[in-house]
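Read through the structure below, which is laid out as structure tokens, and then see the notes.
Numbering (the numbering used here), first residue to last: 12 to 688.
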């Protein structure tokens with residue numbers, strides 16, 4: 012059977028994606044539409060009257076006193092006041108801290124270069140308001156204008172209107188969607204931009220989740236879908252044996268000509284191969300009519316789309332989510348209705364107006380109509396003709412009554428206000444702190460306010476952790492060029508240089524590579540506490556208290572330096588760097604590469620102190636004299652031992668001679684005493 016053509020294969024992929032997207036969007040439409048309505052409710056002027064309520068109050072005042080926007084803004088500000096970042100840690104607690112630190116620095120550099128804060132902020136605000144937000148990671152060339160620069164960097168980008176543009180497959184149950192097999196991301200383009208980029212007739216991707224009832228004008232856009240599909244790919248694993256007998260393993264995607272040549276240069280030979288399966292993610296760009304581009308397999312093995320949920324449940328096998336707005340919408344509507352009714356009542360005249368007959372005001376209509384403007388000192392009316400035909404002077408027939416506020420409306424206003432406080436969190440509790448209370452009491456009150464937003468920060472930490480996992484998966488494929496120099500960012504936002512795959516000599520004499528991210532297997536942790544305001548102020552307070560009770564001058568100096576390092580303010584960066592170097596000099600902080608290089612340079616450039624030179628020369632002279640005296644003493648001892656040895660030898664020889672003489676005498680006496688035969 013002949014294999015299908017590429018055009019036929021792309022058509023099959025497009026039809027499969029359309030059918031799958033229709034199932035997902037249909038299942039999630041109602042939930043995601045509520046998320047979109049919640050975001051409009053708190054952020055768009057007039058949107059709180061969308062729906063049947065709009066027509067009920069069509070010819071009446073429609074006022075908005077947006078209490079919900081303040082509550083959402085407070086939670087958003089608490090998050091922005093204390094960012095969440097990732098920390099790579101070893102899976103087994105082994106000695107990979109240096110490589111983990113390099114990953115931390117590269118991740119922070121990618122965040123900084125791609126303005127990741129915008130992506131995080133957009134996702135967090137959409138999740139807190141509507142219930143769902145998202146961002147994505149993408150690999151792009153470091154310098155698009157340099158044809159010789161093949162290096163790529165990871166960028167973190169926002170996804171706008173995620174509740175109506177990001178959809179994972181229905182079988183993905185985990186909150187971070189690490190178990191998803193495919194994902195759709197919809198992007199809007201104007202028709203002119205679509206034609207200019209794709210040279211094709213606009214065919215919008217089918218998007219049915221939208222709400223534009225209160226928008227006076229909406230742009231004419233075309234939707235394009237990015238389709239990510241995770242596939243099982245069979246690859247060849249090449250196993251090499253080094254000269255010391257150890258084995259090294261490389262996949263087809265990792266083994267290029269340069270790597271193979273480097274292995275052969277050190278005597279490493281390929282001994283066997285085997286087929287393995289691994290997950291790879293393929294990306295397509297589609298319109299409603301066809302596949303616009305097959306982007307091939309992307310870096311890493313994870314779908315690079317990070318979801319964030321405000322609150323999330325699975326009920327009746329449907330994923331449901333909401334934010335801080337939904338439960339307070341009815342109370343907010345009721346508040347608006349009551350205030351609008353009060354405005355309508357107060358708009359009616361509060362002055363009692365006389366009711367006259369036409370005969371009384373005939374000819375004086377202008378005076379009566381202009382009285383509220385010109386404030387005449389008196390008004391005229393005509394006399395009335397009585398039943399008997401005579402002229403009679405009479406006053407107004409009656410007077411109008413001022414509109415009164417219904418008692419039920421006044422009571423309902425108080426109840427509604429309390430309900431809104433209960434649902435959104437009583438922000439006025441922080442104002443109840445009186446003077447002369449301890450800092451602990453203030454922190455306790457603030458902590459109660461922070462706990463109202465804890466679930467959102469906690470869920471954001473899960474999303475940030477997943478972002479770190481996806482980034483590491485991509486970095487292991489992208490950041491593997493030997494001797495590549497990259498920018499890293501330290502904990503204090505200091506810029507450092509990182510050199511990848513730098514060869515070095517191992518402990519056993521073998522060649523190892525420093526900063527080899529292809530061997531980076533780390534867990535991702537985030538630092539999240541129960542309070543989400545800035546922790547620096549709390550740290551400064553704690554360190555200040557420690558300084559007051561510490562007696563050791565050196566410890567006080569360390570604590571004071573740490574206080575300055577945790578302070579924020581314009582122009583304090585140089586002071587923080589000064590005290591950081593002080594802490595490095597006394598061994599409190601670990602020096603970085605710049606500190607080590609600066610210390611070496613200072614040592615080379617330092618002029619010798621004459622006193623130090625004199626003392627060093629005197630010390631060398633004293634050492635030489637001591638060494639000479641020691642040598643003389645050793646020689647004297649050796650001569651003494653030699654004399655002793657010679658003396659012993661002489662005594663031994665004398666003893667031997669005496670023994671021999673004695674033997675000779677005994678033999679002579681024996682011969683004389685023997686009888687003659």
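Ideal Cβ placement from N, Cα and C applies to all residues, glycine included.
- Selection 28, 638 and 120 evaluated against residue 300 yields 28 as nearest (Cα-Cα).
- For residue 590, same chain residues with a beta-carbon under 7 Å away, outside a window of 5 residues either side, are 572, 575 and 576 in chain order.
- A distance below 8 Å between beta-carbons, with the five flanking residues on each side excluded, links residue 561 to the following residues of its chain, in chain order: 567 and 570.
- With three or more CB-CB distances shorter than 8 Å, the stretch 247-254 counts as touching the stretch 280-294.
- The beta-carbon distance between residue 220 and residue 47, rounded to whole angstroms, is 6 Å. This is short enough to meet the 8 Å contact definition.
- Per the C-alpha coordinates, the member of 465, 588, 353 and 230 positioned closest to residue 417 is 353.
- The beta carbon of residue 77 is closer than 8 Å to those of 53, 59 and 343 in its chain, skipping five residues each way along the sequence.
- Between residue 127 and residue 533, the CB-CB gap reaches or exceeds 7 Å.
- Within the model, the alpha-carbon separation for residue 363 versus residue 409 is close to 10 Å.
- The three-state reading of DSSP puts residue 98 in strand, counting E and B together.
- Distance from the CA atom of residue 535 to the CA atom of residue 486, rounded to whole angstroms, is 14 Å.
- Taken in chain order, the complete alpha helix (DSSP H) segments of 4 residues or longer contained in the stretch 202-241 are 202-209.
- Nearest C-alpha to residue 308 among 357, 289, 44 and 85: 289.
- Residue 243 is classed as exposed because its beta carbon has fewer than 16 other beta carbons within 10 Å across all chains shown.
- If you draw a straight line from the Cα of residue 281 to the Cα of residue 263, it is about 13 Å long.
- Residue nearest to residue 35 within the set 66, 183 and 432 is 183 (criterion: CA-CA distance).
- Annotation for residue 127: no beta strand (DSSP E) segment contains it, though the alpha helix (DSSP H) segment containing it runs 127-140.
- Counting only residues of its own chain and dropping the five nearest sequence neighbours on each side, residue 333 has a CB closer than 6 Å to the CB of 142 and 322.
- Closest option to residue 217, judged by alpha-carbon separation, among 211, 400 and 195: 195.
- Restricting attention to 515, 135 and 101, the CA atom closest to the CA of residue 319 is found in 135.
- In the structure shown, residue 571 adopts helical secondary structure according to DSSP, grouped into three states.
- A Cβ-Cβ contact shorter than 7 Å links residue 148 with residue 167.
- Nearest in C-alpha terms to residue 275, of all of 295, 294 and 254, is 254.
- If you look at residue 508, you'll find it in the beta strand (DSSP E) that goes 506-510.
- Taking residue 32 as the centre and dropping the five residues before and after it, the same chain places the C-beta of 195 closer than 6 Å to its C-beta, in chain order.
- Across the structure, residue 88 and residue 484 are spaced so that their CA atoms are roughly 31 Å apart.
- Bridge partners of residue 409 according to DSSP: 366.
- At a Cβ-Cβ threshold of 7 Å, residue 404 and residue 394 count as neighbours.
- For residue 145, the enclosing beta strand (DSSP E) stretches over residues 143-152.
- Going by DSSP, residue 590 is part of no beta strand (DSSP E) but of the alpha helix (DSSP H) stretching over 584-596.
- The C-alpha of residue 68 lies about 13 Å from the C-alpha of residue 345.
- The DSSP-derived three-state label of residue 279 is coil.
- Where residue 60 is concerned, there is no enclosing beta strand (DSSP E), because DSSP gives it neither an H nor an E.
- Residue 536: member of the beta strand (DSSP E) spanning 533-537, first to last residue.
- Using a 10 angstroms sphere on the CB of residue 122, the tally of other CB atoms reaches 16 or more, which defines it as buried.
- Where residue 479 is concerned, the enclosing alpha helix (DSSP H) starts and stops at 465-489.
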